[in-house]
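Chemist: When we follow the working numbering, the leftmost residue of the sequence shown carries the number 42, and every step to the right adds one.
Even glycine gets a Cβ: it sits at the ideal position worked out from N, Cα and C.
Could you have a look at this structure, given as structure tokens, before my questions?
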Amino acid sequence: MPVPIELIWAFIGLLLTIGGAFFPAFVTTPIGFWDNRGFQAYSLGVNYQIGAVLLVGCMGGKNAAALSQIAYIILGLTLWPVFSQGGGIGYIKEPAFGYLLGFIPGAWVCGWMAFKVASRLESIAFSCLCGLFTIHAIGLTYLVLSHLLVLATRTTSLFEQILKYSVYPLPGQLAVVCAIALLSFVLRRVMFY
């Protein structure tokens, strides 16, 4: 992919990642299943941030995806409150910071795999899953290391933090991965990728 296109996708990925942190993900009941209450939306318990990370990987490739997440981390560690719970250098002590660090290799892995094989829905979904599991692997590693090195304030146990940051959000994140894989597949067909 040409460098100017990668830079455009990196900028789009940065904006989507910032915006995705503040928009919760919902699913709705299909039209045929509406009852007397009509349109119903149900929260997935996650936001669209991971979806944005994976979307830029599927659309812009590995370099654009990693660059957008590096820019996001740098913005968040400065005084810009772009993370979902604020920002600043003190955010390093937050247990969720490892998952944010995982955005960089997760986006890179997703982008690398998305352009490695032919653009099929299955291969795009697999690249998104690999990116998601890379994010969780880095996040879990950071949780364990911060617990062992006492970097984070210990208000909850390690097991409770693993449940909070990896186990409970995983079903919602998998639903977002499905949506992003389908969206990426359609966009790549429309944009002749």
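Check whether the Cβ atoms of C99 and I221 lie closer than 8 Å to each other.
Modeler: Yes, they are a contact pair.
Chemist: Sorted by chain position, which residues of the same chain lie with C-beta nearer than 7 Å to P97's C-beta, five sequence neighbours on each side aside?
Modeler: The sequence shown places Val at residue 97, rather than the Pro named in the question. Correct list, in chain order: W50, I53, G54, L57, A105, A106, S109, A148.
Chemist: Tell me the residue span of the alpha helix (DSSP H) that contains N88.
Modeler: From DSSP, N88 is part of no alpha helix (DSSP H) but of the beta strand (DSSP E) over 82-88.
Chemist: Which of the three DSSP states is assigned to F67 in this structure?
Modeler: It is a strand residue.
Chemist: Could you pull out every residue in the same chain whose Cβ sits closer than 8 Å to the Cβ of L120, ignoring the five residues on either side in sequence?
Modeler: Cβ neighbours of L120 beyond the five flanking positions: G128, G129.
Chemist: When you compare only the Cα positions, how much space is there between A66 and G73?
Modeler: Looking at the two C-alpha atoms, the distance is approximately 21 Å.
Chemist: How far does the alpha helix (DSSP H) with L141 in it reach, from first residue to last?
Modeler: Unbroken alpha helix (DSSP H) run through L141: 138-155.
Chemist: Under a Cβ-count criterion, where at least 16 other Cβ atoms within 10 Å of its own Cβ denotes burial, should P43 be classed as buried or exposed?
Modeler: Flag for P43 reads exposed.
Chemist: When you compare each of G213, L48, P122 to K103 by their alpha carbons, which one comes out closest?
Modeler: Nearest C-alpha to K103: L48.
Chemist: Could you check if G147 belongs to the surroundings of the ligand ADP, using beta carbon to heavy atom distance under 7 Å?
Modeler: With respect to small molecules bound, the structure shown includes none, and the ligand ADP cannot be examined in it.
Chemist: May I ask which residues mark the beginning and end of the alpha helix (DSSP H) holding R229?
Modeler: Note, R229: alpha helix (DSSP H), 211-231.
Chemist: In this structure, how does DSSP classify G129 when only helix, strand and coil are distinguished?
Modeler: If DSSP states are grouped into helix, strand and coil, G129 belongs with coil.
Chemist: In terms of residue numbering, what span does the alpha helix (DSSP H) encompassing F124 cover?
Modeler: Segment: none, F124 is in no alpha helix (DSSP H) and carries neither H nor E.
Chemist: Please identify the residue among Y140, K157, L223 whose C-alpha is closest to the C-alpha of Q202.
Modeler: Looking at the Cα atoms, Y140 is the closest of the given residues.
Chemist: Between which residues of its own chain and F80 is the CB-CB distance below 7 Å, once the five residues before and five after are set aside?
Modeler: Correct list, in chain order: T69.
Chemist: Where does the unbroken alpha helix (DSSP H) through L162 begin, and where does it stop?
Modeler: 162-189 is the extent of the alpha helix (DSSP H) around L162.
Chemist: Taking the Cβ atom as the reference point for each residue, do G86 and G61 lie within a distance shorter than 8 Å?
Modeler: Contact flag unset, no.
Chemist: Does the Cβ-Cβ distance between Y132 and I59 come in under 8 Å?
Modeler: No, the pair does not count as a contact, with Cβ atoms beyond the cut-off.
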